[in-house]
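S.K.:
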Amino acid sequence: MKTLFSAILMVVFAVGIHAQSRLENAKKQSSQNKELILLNFSGSDWCIPCIKLHKNIIETDEFKKLETENVVVYINADFPRNKKNQLLPELKKENASLADQYNKKGLFPYTLLLNSEGKILKSWEGLPSENALAFSKEIRIIKENQK
Numbered sequence: 001m002k003t004l005f006s007a008i009l010m011v012v013f014a015v016g017i018h019a020q021s022r023l024e025n026a027k028k029q030s031s032q033n034k035e036l037i038l039l040n041f042s043g044s045d046w047c048i049p050c051i052k053l054h055k056n057i058i059e060t061d062e063f064k065k066l067e068t069e070n071v072v073v074y075i076n077a078d079f080p081r082n083k084k085n086q087l088l089p090e091l092k093k094e095n096a097s098l099a100d101q102y103n104k105k106g107l108f109p110y111t112l113l114l115n116s117e118g119k120i121l122k123s124w125e126g127l128p129s130e131n132a133l134a135f136s137k138e139i140r141i142i143k144e145n146q147k
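UniProt numbering applies: residue 1 is where the sequence shown begins, and numbers increase by one.
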């Protein structure tokens, strides 16, 4: 009985912690570390430009440096269609809320660079024309101009 009660308590606690959105957490982290927030709307299993964006930019070492060097906090608001790729209900709800706030037109891919307050500094509709190095460099320049 103790084990069952402990398991239920852990689930309730985990759900309570997750109730605070990734964007709110990113805003806090961004504010503390003087980082920007990169919010990407994607359809990971159906949107060809989204898949290319992730493969050619987001998954590169050049982009990952932006995260490790405290330049950006990355959030992916994914909207997969295949049944096997479906997200947890809480994450689906959170992504829908992000779309309501930042992607009312339902564009994919749609990438936004935000400040720590959630204000849009730059947006990319569709697949950015830059390669990973140029994309990362542009973000670094925008961050420098925020100081």
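Each residue gets a CB set at the ideal place from its N, CA and C atoms; glycine is no exception.
A quick note: this is a predicted structure, and the numbers were derived from the prediction, not measured.
Going by other Cβ atoms of all chains shown within 10 Å of its Cβ, with 16 needed for buried, is N95 buried or exposed?
M.R.: Within the sequence shown, residue 95 is the residue found at index 95, counting from 1. The residue in question, N95, is buried, as its Cβ has 16 or more Cβ neighbours within 10 Å.
S.K.: With a cut-off of 8 Å on the beta carbons, I'd call L39 and A99 a contact; round off their distance for me.
M.R.: The count along the sequence shown starts at 1 and reaches residue 39 at position 39. The count along the sequence shown starts at 1 and reaches residue 99 at position 99. The Cβ separation is near 10 Å, so there is no contact.
S.K.: If we cut at 8 Å on Cβ distances, does L53 have a partner in chain B?
M.R.: Here chain B cannot be found, since the structure has a single protein chain.
S.K.: Could you check what DSSP says for S44 in three-state terms: helix, strand or coil?
M.R.: Stepping through the sequence shown from its first residue, residue 44 is reached at position 44. In this structure, S44 counts as coil in the three-state DSSP scheme.
S.K.: So, for K65: in the same chain, excluding its five sequence neighbours on each side, which residues have a beta-carbon less than 8 Å away from its beta-carbon?
M.R.: To locate residue 65, count along the sequence shown from 1; it is residue 65. So the qualifying residues of the chain are V71 and S136.
S.K.: From the DSSP output, in three-state form, read off S116 for me.
M.R.: Residue mapping note: residue 116 aligns to position 116 of the sequence shown, counting from 1. Three-state result, S116: coil.
S.K.: Write down the C-beta distance between N103 and D45 rounded to the nearest angstrom, noting that I regard them as a contact closer than 8 Å.
M.R.: As a first step, residue 103 must be located in the sequence shown, where it is residue number 103. As a first step, residue 45 must be located in the sequence shown, where it is residue number 45. At roughly 18 Å, the Cβ-Cβ gap does not stay under 8 Å, so N103 and D45 are not in contact.
S.K.: Identify every run of the beta strand (DSSP E) within the stretch 84-140, keeping only runs that are complete inside it and at least 3 residues long; order them along the chain.
M.R.: 110-114 and 120-125
S.K.: Within 10 Å of its beta-carbon, does T68 have 16 or more other beta-carbons around it, so buried, or fewer, so exposed?
M.R.: The count along the sequence shown starts at 1 and reaches residue 68 at position 68. Exposed, by the Cβ-count rule.
S.K.: Is it the case that the Cβ atoms of D79 and G126 are separated by a distance below 8 Å?
M.R.: As a working note, residue 79 is residue 79 in the sequence shown. As a working note, residue 126 is residue 126 in the sequence shown. The question names Asp, but residue 79 in the sequence shown is Phe. Not in contact: F79 and G126 (Cβ atoms no closer than 8 Å).
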